[in-house]
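Those letters in the sequence shown? Residues 182 to 470, by this note's numbering.
We put the CB at the ideal spot given by N, CA and C, even for glycine.
Notes follow once the structure below has been shown.
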Amino acid sequence: MNTPTRIDQALKFAIASTEAETAPPLLAEAIRYSVFPGGARIRPRLCLAVASACGDDRPMLTDAAAASIELLHCASLAHDDLPCFDDAATRRGLPSVHKKYGEALAVLAGDALIVSAFEILAKASLAKPSRLPSLMMIVGQASGMPSGIAAGQGWESETKIDLEAYHQAKTGSLFAGATMAGAAAAGADFLQWREFGQRIGSAYQAADDIKDVVSPPDEIGKPVGQDAAHHRPSIVEDLGVEGAVDRLKDLIAGALAAIPDCPGKDPLRELIVAETKRFVPKGLSTQAA
182 MNTPTRIDQA
192 LKFAIASTEA
202 ETAPPLLAEA
212 IRYSVFPGGA
222 RIRPRLCLAV
232 ASACGDDRPM
242 LTDAAAASIE
252 LLHCASLAHD
262 DLPCFDDAAT
272 RRGLPSVHKK
282 YGEALAVLAG
292 DALIVSAFEI
302 LAKASLAKPS
312 RLPSLMMIVG
322 QASGMPSGIA
332 AGQGWESETK
342 IDLEAYHQAK
352 TGSLFAGATM
362 AGAAAAGADF
372 LQWREFGQRI
382 GSAYQAADDI
392 KDVVSPPDEI
402 GKPVGQDAAH
412 HRPSIVEDLG
422 VEGAVDRLKD
432 LIAGALAAIP
442 DCPGKDPLRE
452 LIVAETKRFV
462 PKGLSTQAA
């Protein structure tokens, strides 16, 4: 089974569990809408890639770990787009969750997805329960305080923002969670995968900051100019576009150098080279490759 199919099936399984006859229909719709259709699924793809590099001896558990990370990401998008944060009208080229279903259901949909992220792990770990505590800890740290995505969102309410801490929490935490969860699901030493995930996350955030300045809205499927509009720090604000592109190249190189030794290190490295080219803004890809 190929990677997109594995991710899609795991996500469908997780969402189906929220759609019982007794469930509030509109909330169930909002939850599904938050997840499908998806974006590039970069984080769950990374999770599966790391698990594969480590042996992937429990593919069902790996699939659940990948879906868990993506559910957290989708929850963060539903919340990030709310009027109290970015007040974004579109996401992935469609109306954002609060624009389609209202603010209350967008909040609840995000909350439900966070719970589902833990539930799917618990269900899938029955065949290998010894790996569940590590996975639960990884997902919890990636989503909460002091340095998960909740903390990343919280930094935006501070009067003085630590840019590195902000980016590591808002973006790096889920990338680190993806790499660590993939390793943990495969029974490998997950702690040594944290730095690799954080570096990939930093590169992705740098690319996102650049896109917010140079890319048209129809290319990225969401409003642009958000960093400036909300007075948020960004790598472009600090370094300018050219400096940010140079920094992005360094971050990608650092991520490749941080891949731990594992049976599938060379294929993983090749995959990461190909994948990083996908999130470099169009028109800048030759500069940042």
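- Here the C-alpha atom of A191 lies approximately 6 Å from the C-alpha atom of A245.
- The bridge partners DSSP lists for L275 are R272.
- Using a C-beta cut-off of 8 Å, the region 299-306 makes contact with the region 242-256, since at least three inter-stretch Cβ pairs fall below that distance.
- Judged by beta-carbon spacing, D431 lies beyond the 8 Å limit of S415, meaning their Cβ atoms are not closer than that value.
- The criterion of a C-beta distance shorter than 8 Å is not satisfied by R450 and L429.
- A straight line joining the alpha-carbon of S328 with that of L372 spans about 16 Å.
- Beyond the five residues adjoining it in sequence on each side, Q322 comes within less than 8 Å, by CB distance, of S328, G329, S354, G358 in the same chain, given in chain order.
- Under the three-state reduction of DSSP output, P448 falls in the helix class.
- Counting along the chain, G321 sits inside the alpha helix (DSSP H) bounded by residues 313-324.
- Closest in alpha carbon position to G236, among P397, A201, T360, G368, is G368.
- For S311, the number of other beta carbons within 10 angstroms of its own is below 16, and it is reported as exposed.
- When the beta-carbon positions are compared, I188 and I212 stay at least 8 Å from each other.
- H412 is classed as exposed because its beta carbon has fewer than 16 other beta carbons within 10 Å across all chains shown.
- Look at the beta carbons and you see the region 289-297 touching the region 200-219: at least three pairs across the two are nearer than 8 Å.
- By the Cβ-count criterion, V231 is buried, with 16 or more other Cβ atoms from all chains shown falling within 10 Å of its own Cβ.
- In the three-state scheme derived from DSSP, where H, G and I count as helix and E and B as strand, L437 is classed as helix.
- Close CB contacts of H348 within its chain, under the 6 Å cut and outside five residues either way in sequence, are with Q386 (chain order).
- The distance from the Cβ of L253 to that of V320 is about 7 Å, consistent with a contact at the 8 Å cut-off.
- Restricting attention to beta strand (DSSP E) runs no shorter than 3 residues, the region 365-408 encloses none.
- Contact between G363 and L229 holds: CB atoms are separated by about 6 Å, below the 8 Å threshold.
- Closest by C-alpha distance to G382, out of L289, L420, D408, A350, is A350.
- In terms of CA proximity to P314, A366 leads the group R273, A366, C443, F377.
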